[in-house]
Structure formats: structure tokens, C-alpha cells
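Number of protein chains: 2
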Amino acid sequence: MGDTPGGRLGEPTLEEQIAAYQREFQDLDPQVEKIVSALSRLNRRMNVAYSRQTAALGISNAEWEVLKALVLSGAPYRMGPSDLAKRLGLTPAAMTHRIDRMVTEGLVTRERDESNRVRVIVELTPEGRGMWLEAMRLASGFEEDLLQDLSAEERTVLGEVLTRLLRRVEHAQPDAGGRLSDLD
Amino acid sequence: MGDTPGGRLGEPTLEEQIAAYQREFQDLDPQVEKIVSALSRLNRRMNVAYSRQTAALGISNAEWEVLKALVLSGAPYRMGPSDLAKRLGLTPAAMTHRIDRMVTEGLVTRERDESNRVRVIVELTPEGRGMWLEAMRLASGFEEDLLQDLSAEERTVLGEVLTRLLRRVEHAQPDAGGRLSDLD
DNA sequence: GCTTCGAACTTTAGCTTTGAAGTCTTCAGC
DNA sequence: GCTGAAGACTTCAAAGCTAAAGTTCGAAGC
Numbered sequence: 002m003g004d005t006p007g008g009r010l011g012e013p014t015l016e017e018q019i020a021a022y023q024r025e026f027q028d029l030d031p032q033v034e035k036i037v038s039a040l041s042r043l044n045r046r047m048n049v050a051y052s053r054q055t056a057a058l059g060i061s062n063a064e065w066e067v068l069k070a071l072v073l074s075g076a077p078y079r080m081g082p083s084d085l086a087k088r089l090g091l092t093p094a095a096m097t098h099r100i101d102r103m104v105t106e107g108l109v110t111r112e113r114d115e116s117n118r119v120r121v122i123v124e125l126t127p128e129g130r131g132m133w134l135e136a137m138r139l140a141s142g143f144e145e146d147l148l149q150d151l152s153a154e155e156r157t158v159l160g161e162v163l164t165r166l167l168r169r170v171e172h173a174q175p176d177a178g179g180r181l182s183d184l185d
Numbered sequence: 002m003g004d005t006p007g008g009r010l011g012e013p014t015l016e017e018q019i020a021a022y023q024r025e026f027q028d029l030d031p032q033v034e035k036i037v038s039a040l041s042r043l044n045r046r047m048n049v050a051y052s053r054q055t056a057a058l059g060i061s062n063a064e065w066e067v068l069k070a071l072v073l074s075g076a077p078y079r080m081g082p083s084d085l086a087k088r089l090g091l092t093p094a095a096m097t098h099r100i101d102r103m104v105t106e107g108l109v110t111r112e113r114d115e116s117n118r119v120r121v122i123v124e125l126t127p128e129g130r131g132m133w134l135e136a137m138r139l140a141s142g143f144e145e146d147l148l149q150d151l152s153a154e155e156r157t158v159l160g161e162v163l164t165r166l167l168r169r170v171e172h173a174q175p176d177a178g179g180r181l182s183d184l185d
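Below you can see the structure in the form of C-alpha cells.
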């Protein structure tokens, strides 16, 4: 499919979008909407960038996520399919198939745990680890370019504020209507 | 499928994750990684929250996005399938099917443009517009809760910095390796 | 020791999306 | 006014996902 070369993905600009929101839905804080819209668009763009990079290496974004989970689990880079599924937010069924593909591509191996034959062990191959390293080099380069214009202080504040927001979503329990209430 | 009630989605904490990155990939600026990881996790959480809310209203997130595009296009809330597809980043084929479903649910209507019979016009129904309004009320409530702890100044800075980052991704042309170079 | 339960994974069926091919309409050139 | 090309959508086959129903193994109770 296609992202337009010019950069626009068929979207209005952020400013146009916020104006449209205010036109269609009056009781909306434009500042809140600006932050939320920017967050979501920024994330979409970043994912497009990551996809391009992993595609250039010959793997899919989905495979990259598996490699990432295995690497971050630390040596010896082993996890069970259901742990991986939980980590990536997939169903076990999807995990089975994803591992199938990655085994045939030589990125991971799958073997039964002989000490407990119900379990399966997925292990990163050296090829898989190398692939992750390459992808990581590309990704971190992109990330540094992205944040390049931010001053040291801006980076600090941004990191701190985002972490605070994250903690709020992760620890707050949404009620039936989806409102967040404090827990900590 | 499942998000754990406790809030954790099978992930390590942000701090654990950053430590793991540094262990496995030395030349990485932890501050950059903190910002990027927090951004991506925050976004994932927000999407989970939105999904819960739209599900409570009986529509899918996918359908909500179509409603949003139509409403933001302004009265009379009409768009062609391919415009919608571009706007949402889908293929025309997917758009066809998605519209099929929404027509049977009464959220939109589809008719041929009689002045140019190649074109099709998708138009929001009053039910569709009402659905969007309800979803919007829930979403904006959630968003205000999310940003509740931020001071006025923090909001201003956050909005400004995110907008700057967004402009950078949207206007910069990535090279073959995915690096961003300045254009403006 | 047999049975039952539960855990971990796989299989199956159905849905949504993509990519490619197909249809129908318009428009430009002859 | 015919023909060819381009545009807008739809149809079709295949990939990847979810939910639910197996399957297999281990552990606990009788």
C-alpha cells in the first residue's frame, strides 16, 4: 500500500484537524486535543518508519517484535510461546503461526522442553540476534534524528512528562465508561 | 483476548525495558530510548482504552475511524471510498468491505454519484453521527483524565514539543537507511 | 494406579486486510 | 462516434489474526 512520497498520508494538517474537531464537537479542550492528536500521529509515523526499515532488512514488523522480546529477555534468549504471546499481546494461536514462519526463516528455533514435555522453547538463533542488531542500529539512528532538535532540557521534561502519563494509564483502573480513577 | 486487569499487558516496566536495551545494545542514549518507549507504550494503552470504549457502544475501532473521517470532513459528511481509504491508510479493497458492513449497520449510506457514475458517495447517517458524538464524549473524557495531572505549563510545552517532532517526521524525507534529513 | 483437572500448545473456522486482476465509466484523440 | 487509456471501485485469492475447540502432558486426589 502506500504512504505518499511527500510525507502526507492523506491526512489534513494537525491544525486543520483540531479546527474540525472544534467545529463538530464544542466542549473539547483544544490543548488536550492537540496533545492527543499529535501523540497518535507521531506514533503512526514512527511505525511507518520502523516498517520501512525492517522491510529493508527483509523481515516484517511482526517478526521484529518477536526478536525484540527474545533479545530483551536476556541470554540465553529463550521464551515459551505463551509468554511471547502475552508479551506481544497476541493470542497463542497467532504466536504458533508466527513462530512457524520465523523457524523456516532461521530466525528462531522451536523445540520441546524435555524436562516438561508440555512446554515448548523458542530460542533466538545467531542469525536472529544479528538481524535484531541491524534493525536496532537503524531504529536508534532514526530515533536520534527525530529528537535531534530538542534541547537537553526539553528531552528531560518530555521524558518525565510522558512517563508520568504512562504511569497514569498503567495504574489507573478505568470504570465502565472508560474514565480513569486514581489508584496510587 | 486479553489485557490483564491489573493493567500490565505482559510487559516489563519501562525502567526494566530500558535497562535491558542498554544491556543488549550499548550505543544507545537511554534518554532517547526512554522517550521513544514511553511514546509507543502510551499510544498502545490509549488505543486499548479507545477500543474498550467503542466496543461498549457496539462498534469497532475500525468503524469509529470511518465515522471520524466523515465527521471531520464537515457537513454534508460525504466522501468517496478511495478518499476514505487514503485518509485511513487502507487499500480500496478493504474500504469496500468496511463500508459494506457499516451500511448494513445503518451507520453510513452508499450510493452512486449520478453526475459521474464512476464515483460512489459514502454519506454519514444521523445514526452514524450520533454514534460518533457518543464515542467522542467518552474519548474526550478519557483524554482529560489522562492529562489531568499536568500543569498548564506542562501542557503547553508538551503540545509544542510533540508538534515539533511531528513536523519533523512529516516533512523530513527519510533516506535509504531511514535517516531523516532536514527539508525545511 | 486410575481418573480428573488444568496448563501449554496446536488446529480449525471465520473475519479483515492486502495485492492483483477485473469491471464499468469517463474522457481524449482521431 | 469509435477506440484506447485512465480512473474508481469491486472481486478474488492468499496472508495473518481471533475465538473456540481439540490434543497432549503433568499433577493432584481417591
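Chains as they are written, first to last, in our numbering: chain P, 2 to 185; chain U, 2 to 185. Even for Gly, the Cβ is constructed at its ideal location relative to N, Cα and C.
Checklist entry - Which same chain residues, not among the five before or five after residue 74 of chain U, have their C-beta less than 6 Å away from its C-beta? => result 80
Item to check | Span of the alpha helix (DSSP H), counted from its first residue to its last, around residue 144 of chain U | outcome: 127–148
Checklist entry - Going by beta carbon distance, what residues of the same chain come within less than 7 Å of residue 63 of chain U, once the five residues before and after it are set aside? => result 99
Checklist entry - Looking at the C-beta of residue 80 of chain U, does it have a partner C-beta in chain P at a distance below 8 Å? => result no
Item to check | Cα-Cα separation between residue 156 of chain U and residue 134 of chain P, rounded to whole angstroms | outcome: 36 Å
Next on the checklist: Check for me: the alpha helix (DSSP H) holding residue 24 of chain U runs from which residue to which?
Outcome noted: 15–25
Checklist entry - Since residue 170 of chain U and residue 159 of chain P are thought to touch, with beta carbons under 8 Å apart, how far apart are those beta carbons, to the nearest angstrom? => result About 15 Å separates the two Cβ atoms, so there is no contact after all.
Next on the checklist: Just to confirm before moving on: does the CB-CB distance between residue 254 of chain P and residue 110 of chain P stay below 8 Å?
Outcome noted: Chain P is shown from 2 up to 185; residue 254 of chain P falls before or after that span and cannot be answered.
Next on the checklist: The beta strand (DSSP E) that contains residue 110 of chain U, what's its start and end?
Outcome noted: 109–113
Checklist entry - Quick check: the region 57–71 of chain U against the region 106–125 of chain U, are there 3 or more CB pairs under 8 Å? => result yes
Item to check | Euclidean distance between Cα positions of residue 35 of chain U and residue 15 of chain U | outcome: 8 Å
Checklist entry - Would DSSP call residue 79 of chain P helix, strand or coil? => result strand
Checklist entry - So what does DSSP say about residue 181 of chain U, is it helix, strand or coil? => result strand
Item to check | residue 72 of chain P and residue 130 of chain P closer than 8 Å at C-beta | outcome: yes
Next on the checklist: With H, G and I counted as helix, E and B as strand and the rest as coil, what does DSSP make of residue 36 of chain P?
Outcome noted: helix
Checklist entry - Do you know how far the Cα of residue 172 of chain U is from the Cα of residue 1 of chain P? => result Here chain P covers residues 2 to 185 and nothing more, so residue 1 of chain P does not appear.
Item to check | Distance between residue 115 of chain P and residue 91 of chain U (C-alpha atoms, nearest Å) | outcome: 45 Å
Item to check | Terminal residues of the alpha helix (DSSP H) in which residue 94 of chain P lies | outcome: 93–105
Checklist entry - Can you give the beta carbon distance from residue 141 of chain U to residue 29 of chain P, rounded, assuming they're within the 8 Å contact cut? => result 6 Å
Checklist entry - Between residue 164 of chain P and residue 120 of chain U, what straight-line distance do the alpha-carbon atoms span, to the nearest angstrom? => result 47 Å
Item to check | Of the listed residues U:46, U:61, U:167 and U:153, nearest to residue 168 of chain P (C-alpha basis) | outcome: U:46
Next on the checklist: When you compare the CB of residue 187 of chain P with every CB in chain U, is at least one pair closer than 8 Å?
Outcome noted: Residue coverage of chain P in this structure runs from 2 to 185, which leaves residue 187 of chain P outside it and unanswerable.
Next on the checklist: By alpha-carbon positions, which one of P:180, P:154 and P:148 ends up nearest to residue 181 of chain U?
Outcome noted: P:148
Item to check | N- and C-terminal bounds of the alpha helix (DSSP H) containing residue 166 of chain P | outcome: 153–172
Item to check | Supposed close pair residue 145 of chain U, residue 33 of chain P - CB separation, criterion 8 Å | outcome: 6 Å
Next on the checklist: Please confirm whether residue 196 of chain U has its beta-carbon closer than 8 Å to some beta-carbon of chain P.
Outcome noted: Limits of chain U in this structure are 2 at one end and 185 at the other, which puts residue 196 of chain U out of reach.
Next on the checklist: For the region 13–42 of chain P, list every residue whose C-beta sits within 8 Å of some C-beta in chain U, in sequence order.
Outcome noted: 13, 15, 18, 21, 22, 24, 25, 26, 28, 29, 30, 32, 33, 34, 35, 36, 37, 39, 40, 41 and 42
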